[in-house]
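Trainee:
There are 2 protein chains.
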Amino acid sequence: MDKPTLADVAKAAGVHRATASRALNPALVGRISAVTTAKVHEAAERLGYVPDLLGQGLRTSKTRTIGVLIPDLANPVFAPIVRGIEDHLREHGYEALLASTDNDPHREATLLDVLQTRRCDGFIVASALRNDLVVRHLLDQGVNVVLVNRLVDGLDAPAVVSDDAIGITAAIQHLFDLGHRVIGHIGGPLDVSVTTTRLEAYEKALASLGIDAPDAVEHATGYTVEAGRAAFTRLLQRRPVSAVIAGNDLLAVGCYVALAEYGLRCPDDVSVVGFNDMPLTAHLFPPLSTVTMPQHEMGCAAARMLLARINDPDLAPTMMAMPTAFVARESSGPTKRRTDGNTTD
Amino acid sequence: MDKPTLADVAKAAGVHRATASRALNPALVGRISAVTTAKVHEAAERLGYVPDLLGQGLRTSKTRTIGVLIPDLANPVFAPIVRGIEDHLREHGYEALLASTDNDPHREATLLDVLQTRRCDGFIVASALRNDLVVRHLLDQGVNVVLVNRLVDGLDAPAVVSDDAIGITAAIQHLFDLGHRVIGHIGGPLDVSVTTTRLEAYEKALASLGIDAPDAVEHATGYTVEAGRAAFTRLLQRRPVSAVIAGNDLLAVGCYVALAEYGLRCPDDVSVVGFNDMPLTAHLFPPLSTVTMPQHEMGCAAARMLLARINDPDLAPTMMAMPTAFVARESSGPTKRRTDGNTTD
DNA sequence: CTGAAAGCGCTAACAC
DNA sequence: GTGTTAGCGCTTTCAG
């Protein structure tokens, strides 16, 4: 016999389909006699009835499905966030439909269309660009959206982000205490909000320590090792720094590569700090000092925020910032050389 | 105005809903007059009509949704496979519903129930244990299932795996050519098929080189750095090896850690080879020699196999093995010490 | 407290 | 080639 339907359960329990539906609906408890409820549950159990979300969704136009847009599923920075989203959603009877945008606005728009087809109850967007039109459009249409990790310029949308300033301030204080005074920054591409946020945190931290802006910032064309290498090479050619804050662990590894090419050693010649605490960073050489953020928790929080908004559409948009923390490992150490020239040997 | 429905399109085009449906169905091209088809398409375009997969699914009982079970979304080994699945499915109008089992059979069963509720057209399972009951059960019910990466003992199921023997044989040949004769193996937990496959490949490669079984195998309790460290420590205490094949890159990093604790150096004292070519392994110290597998391609292939079976349920189950390749980096080098004793200093 | 009837959006079998 | 009708599985008025 095929999957039993609600009608089968009703017949087995000797009641009407509608009654069976009500008996099985936890929200309607008390409105059906205890004995009928028991009969229905027994029959459902016996037949192995599982409700069909399709029929349910068609009738109620709630699919208990959330669209999740991320830059890339295979990117270690986002995977734990997605896992947090998955866990929280499922705990509440929702499922996630994931789509990787590859940071391509056109692809993002296409994917959103595809997901619309499935009548998602809402969206979590981790792939937003600072000038993201798609997200704007969704919000204009009154679709439930929560941003995570990345924000959109000038958009007052519900969001969960990390408070990157905490970790970066701590990292710079740590470098300052080790004697560093010329601290550079390798940022990511400027079209995503985290790049700006981290840059500002860096500038502010330097200022509050009374260090003049050292004109030691370069931006990589992407959050990759190779782009980090290229950017740090440009910086080294221009400005001798004794320490560098990278906008991301991959950029930090790019800094390692550039340093090696220059015959410089980390941390003896230059200290490097990363961001994100990706897997294996503790086993690099040297183990990378970096900033952690509660990725799983951020995913959970974004899911929770979205579900709250689905249940109460009048909620004002709020932004939640989760604390980051600096982790000192061995890529940051005391200054050991003068910073007044390149000593490639 | 809310999302336009097929009825709206039909009215706008001045035809019946059924006609509009047919005009929009690519499979029925030619059975509707060109002029009507044009009218319908124009109206659909103008109103911004997107078909509702819920209604469609309810009617056709095809949801164009595939359940995907993986151990952990945040595990770098599986993420690229999932990305391959995602890409291929979407290209063919399907979506994936992902669920992380954490290698817990009970959780796997629960997740499957949850996904059944959504009437998936089939399943791709990357989380199978060697004695997986859930997968067996699914197949018994005639549900469309394709395994990827991991197999189930004694089950003739459609599957896409990597041909690990190629990479391991090449790795061992490489070590042999460098002079190694006592080559150990750190395997993963024995409840997953890849552990067995890699162990057998290791034994066979040694045999075909005429090396006696060196009694130098230890199994880690999980594919983690810490478990690898513990297992390799056990091995070092028991048997001095000049090289080791780890069942996975994280285990290989565990070997690095154990070696460091013993005051041994890689590759000068012991060569280490990993498996999977995870992100950042090329930037470890030393850069890790490892075995790559075409993860994205495997994901695509699994998706392709599943869709083929959905379209033709009578297909005989086939198993596809994708080639792996050894990548020499710097963790493997010539033997430099006698292997007749521990020289911890 | 429960039954009857309607309908969510869509397509397939059957007319003509 | 196109309209008519029915119904996928479910919930929700509306009666009683």
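Keeping their order, the protein sequence lines are chains A and B. The numbering used here numbers the first residue of the first sequence as 33 and each following residue consecutively. The numbering used here numbers the first residue of the second sequence as 33 and each following residue consecutively. Think of the CB as a built atom: it goes at the ideal place given N, C-alpha and C, for glycine as much as any other residue.
#1: If we define contact as Cβ-Cβ less than 7 Å, is T322(A) a contact residue for chain B?
#2: Determine the extent of the alpha helix (DSSP H) in which V226(A) is found, giving its start and end residues.
#3: With DSSP as the reference, label I378(B) as helix, strand or coil.
#4: For G80(A) and L147(B), I'd like the C-alpha separation in whole angstroms.
#5: Taking just the CA atoms, how far does S240(A) sit from I156(B)?
#6: Along the chain, which unbroken stretches of the beta strand (DSSP E) at least 3 residues long are found entirely within the segment 110-163 of chain B?
#7: Would F317(A) pass as a contact of F264(B) if the rule is Cβ separation under 7 Å?
#8: Check each residue of the segment 282-311 of chain B: if its Cβ is closer than 9 Å to any Cβ of chain A, include it; give the result in chain order.
#9: Are the beta-carbon atoms of L90(A) and L90(B) separated by less than 7 Å?
#10: If you reduce the DSSP assignment to three classes, tell me which class T324(A) lands in.
#11: Between the C-alpha atoms of T375(A) and P355(B), what's the straight-line distance to the nearest angstrom?
#12: From K368(B) to D209(B), what does the alpha carbon distance come to, in whole angstroms?
#13: How big is the Cα-Cα spacing for G219(B) and P349(B)?
#14: Beta-carbon of T265(A) versus every beta-carbon of chain B: anything under 7 Å?
#15: Classify N343(A) as buried or exposed, calling it buried when 16 or more other Cβ atoms lie within 10 Å of its own Cβ.
#16: Are at least three pairs of beta-carbons, each pair with one atom in the segment 127-142 of chain A and one in the segment 68-82 of chain A, less than 8 Å apart?
#17: Under a three-way DSSP split, which group does D195(A) fall into?
#18: Quick check: the Cα distance between P319(B) and V289(A), rounded to an integer number of angstroms?
#19: In its own chain, which residues sit with a C-beta less than 6 Å from the C-beta of P326(A), not counting the 5 before and 5 after it?
#20: Look at the alpha carbon of F331(A) and the alpha carbon of A158(A), and state the distance between them as a whole number of angstroms.
#21: Under 8 Å between beta-carbons, which chain B residues line up against H315(A)? List them in chain order, please.
#22: Only counting runs of 4 or more residues, tell me where the alpha helix (DSSP H) segments fall wholly within the segment 256-330 of chain A, in order along the chain.
#23: Please list, in chain order, all residues of the same chain as G116(B) whose beta carbon is under 6 Å from its beta carbon, the five residues on each side excluded.
#24: Measuring CA to CA, which of V82(B), R49(B), G46(B) and T51(B) is closest to P36(B)?
#25: Quick check on G23(A): does DSSP put it in helix, strand or coil?
#26: Any idea if T229(B) is buried or exposed, counting beta-carbon neighbours within 10 angstroms, 16 or more meaning buried?
#27: Cβ closer than 7 Å: which chain B residues qualify as neighbours of A106(A)?
#28: Nearest chain B C-beta to L79(A) closer than 7 Å, yes or no?
#29: In whole angstroms, give me the CA-to-CA distance for A252(B) and H206(B).
#30: For the beta strand (DSSP E) holding V178(A), just list the boundary residues, first then last.
#31: How many whole angstroms separate the CB atoms of P311(B) and P103(B), which I take to be in contact at a CB cut-off of 8 Å?
#32: Is DSSP giving H212(B) helix, strand or coil here?
#33: With distances taken from CA atoms, which of H212(A), E250(A) and I204(A) is nearest A357(A)?
#34: So is R150(B) in contact with chain A if we call contact Cβ pairs under 7 Å?
#35: Should R270(A) be labelled buried (16 or more other beta-carbon atoms within 10 Å of its own) or exposed?
#36: Report the CB separation of C152(A) from T68(A) in whole angstroms; it is logged as a contact under 8 Å.
Mentor: To lay it out plainly:
#1: The count along the first sequence starts at 1 and reaches residue 322(A) at position 290. No - not a single Cβ of chain B is within 7 Å of the one on T322(A).
#2: Counting from 1 along the first sequence, the entry for residue 226(A) is found at position 194. Counting along the chain, the alpha helix (DSSP H) containing V226(A) begins and ends at S225 to S240.
#3: The question about residue 378(B) has no answer here: the residues shown for chain B are numbered 33 through 377.
#4: Position 48 of the first sequence, counted from the first residue, corresponds to residue 80(A). Position 115 of the second sequence, counted from the first residue, corresponds to residue 147(B). Spanning the two alpha carbons is a distance of roughly 15 Å.
#5: Numbered from its first residue, the second sequence carries residue 156(B) at position 124. Numbered from its first residue, the first sequence carries residue 240(A) at position 208. Rounded to the nearest angstrom, the two C-alpha atoms are 54 Å apart.
#6: 127-132 and 154-157
#7: Along the first sequence, read from residue 1 onward, the residue named residue 317(A) stands at position 285. Along the second sequence, read from residue 1 onward, the residue named residue 264(B) stands at position 232. Contact flag unset, no.
#8: Only those residues of the segment 282-311 of chain B whose C-beta falls short of 9 Å from the nearest C-beta of chain A are listed: L282, V285, Y288, V289, M310 and P311.
#9: Residue mapping note: residue 90(A) aligns to position 58 of the first sequence, counting from 1. Residue mapping note: residue 90(B) aligns to position 58 of the second sequence, counting from 1. The answer is yes: Cβ separation under 7 Å.
#10: One-based indexing of the first sequence puts residue 324(A) at position 292. In the displayed model, T324(A) falls within a strand according to three-state DSSP.
#11: Stepping through the first sequence from its first residue, residue 375(A) is reached at position 343. Stepping through the second sequence from its first residue, residue 355(B) is reached at position 323. Low local confidence applies: a pLDDT of 43 at T375(A) is under 50, so the model's placement there is unreliable, and no value is given.
#12: As a position in the second sequence, residue 368(B) is number 336, starting the count at 1. As a position in the second sequence, residue 209(B) is number 177, starting the count at 1. Looking at the two C-alpha atoms, the distance is approximately 13 Å.
#13: Here the question's residue 219(B) lines up with position 187 in the second sequence. Here the question's residue 349(B) lines up with position 317 in the second sequence. Those two C-alpha atoms are separated by around 29 Å.
#14: Position 233 of the first sequence, counting from 1, holds the residue named residue 265(A). For T265(A), the answer is no, since every Cβ of chain B falls outside 7 Å of its Cβ.
#15: Against the first sequence, residue 343(A) aligns to sequence position 311. N343(A) should be labelled exposed.
#16: No, the segment 127-142 of chain A does not touch the segment 68-82 of chain A.
#17: Translated into positions along the first sequence, residue 195(A) becomes position 163. It is a strand residue.
#18: Taking the second sequence and counting its residues from 1, the one referred to as residue 319(B) is at position 287. Taking the first sequence and counting its residues from 1, the one referred to as residue 289(A) is at position 257. Their Cα atoms are separated by approximately 12 Å.
#19: On the first sequence, residue 326(A) is found 294 positions in, with the first residue counted as 1. M354.
#20: If you number the first sequence from 1, residue 331(A) lands on position 299. If you number the first sequence from 1, residue 158(A) lands on position 126. Before going on, a small fix: residue 331(A) reads as Gly here, not Phe. Going by the C-alpha atoms only, they are around 10 Å apart.
#21: Within the first sequence, residue 315(A) is the residue found at index 283, counting from 1. V257, V285, Y288, V289 and L316, listed in chain order.
#22: 257-270 and 281-293
#23: Numbered from 1 along the second sequence, position 84 holds the residue referred to as residue 116(B). Result list for G116(B): H328, G331 and C332, in chain order.
#24: Numbered from its first residue, the second sequence carries residue 36(B) at position 4. Comparing Cα positions, the closest option is V82(B).
#25: As shown, chain A starts at 33 and ends at 377. That puts residue 23(A) outside it, with no answer to give.
#26: Within the second sequence, numbered from 1, the residue matching residue 229(B) stands at position 197. Buried is the call here.
#27: Counting from 1 along the first sequence, the entry for residue 106(A) is found at position 74. Near A106(A) (Cβ distances below 7 Å), the residues of chain B are A111, P112 and R115.
#28: To locate residue 79(A), count along the first sequence from 1; it is residue 47. For L79(A), the answer is no, since every Cβ of chain B falls outside 7 Å of its Cβ.
#29: Position 220 of the second sequence, counted from the first residue, corresponds to residue 252(B). Position 174 of the second sequence, counted from the first residue, corresponds to residue 206(B). In a straight line, the C-alpha of A252(B) is about 24 Å away from that of H206(B).
#30: Stepping through the first sequence from its first residue, residue 178(A) is reached at position 146. Residues V177 to V180.
#31: In the second sequence, the residue the question calls residue 311(B) occupies position 279. In the second sequence, the residue the question calls residue 103(B) occupies position 71. Taking C-beta atoms under 8 Å as the contact rule, P311(B) and P103(B) fail to qualify, at a distance of about 17 Å.
#32: For the purposes of this step, residue 212(B) is taken as the residue at position 180 of the second sequence. In the structure shown, H212(B) adopts coil according to DSSP, grouped into three states.
#33: Here residue 357(A) is taken as the residue at index 325 of the first sequence, counted from 1. Cα-wise, what sits closest to A357(A) is I204(A).
#34: Locating residue 150(B) in the second sequence gives position 118, counting from the first residue. Taking Cβ atoms only, chain A reaches closer than 7 Å to R150(B), which makes this a yes.
#35: As a position in the first sequence, residue 270(A) is number 238, starting the count at 1. R270(A) should be labelled exposed.
#36: Numbered from 1 along the first sequence, position 120 holds the residue referred to as residue 152(A). Numbered from 1 along the first sequence, position 36 holds the residue referred to as residue 68(A). Not confirmed; about 35 Å, so no contact.
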